[in-house]
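In our numbering, the protein residues as written are 347 to 435. Don't be surprised by glycine CBs; every beta carbon is placed ideally from N, CA and C. Here the structure is a predicted model, which is why all the values come from computation and not from measurement.
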């Protein structure tokens with residue numbers, strides 16, 4: 347299930363990046379990015395897409411810790427907190 351969610355997230359991010367930057371490049375060519383340095387909205391959109399891509403990439407590593415059965419969550423919590431005595435089963 348997590349793999350399906352990650353694949354869907356990657357596909358949606360790729361489509362968003364294409365719609366925001368690829369489509370104007372296909373229509374107008376290289377001059378589509380001539381004013382990129384002055385266009386704050388394009389810079390914010392590019393930054394947001396990069397942050398979202400970073401979250402998708404990080405979720406592949408954090409997924410096993412977030413989506414797991416109760417015994418694995420207990421072990422993960424003990425490892426993170428470093429104090430098994432504070433966690434009651």
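- Residue 389 holds the alpha-carbon nearest to the alpha-carbon of residue 363 among 389, 349, 383.
- Contact between the segment 374-389 and the segment 348-362 is absent: fewer than 3 CB-CB pairs across the two stretches fall below 8 Å.
- The continuous alpha helix (DSSP H) containing residue 361 extends over residues 348-363.
- In chain order, 359, 362, 363, 366 place their CB closer than 8 Å to the CB of residue 395, counting only its own chain and leaving out the 5 sequence neighbours on each side.
- In the structure shown, residue 383 adopts coil according to DSSP, grouped into three states.
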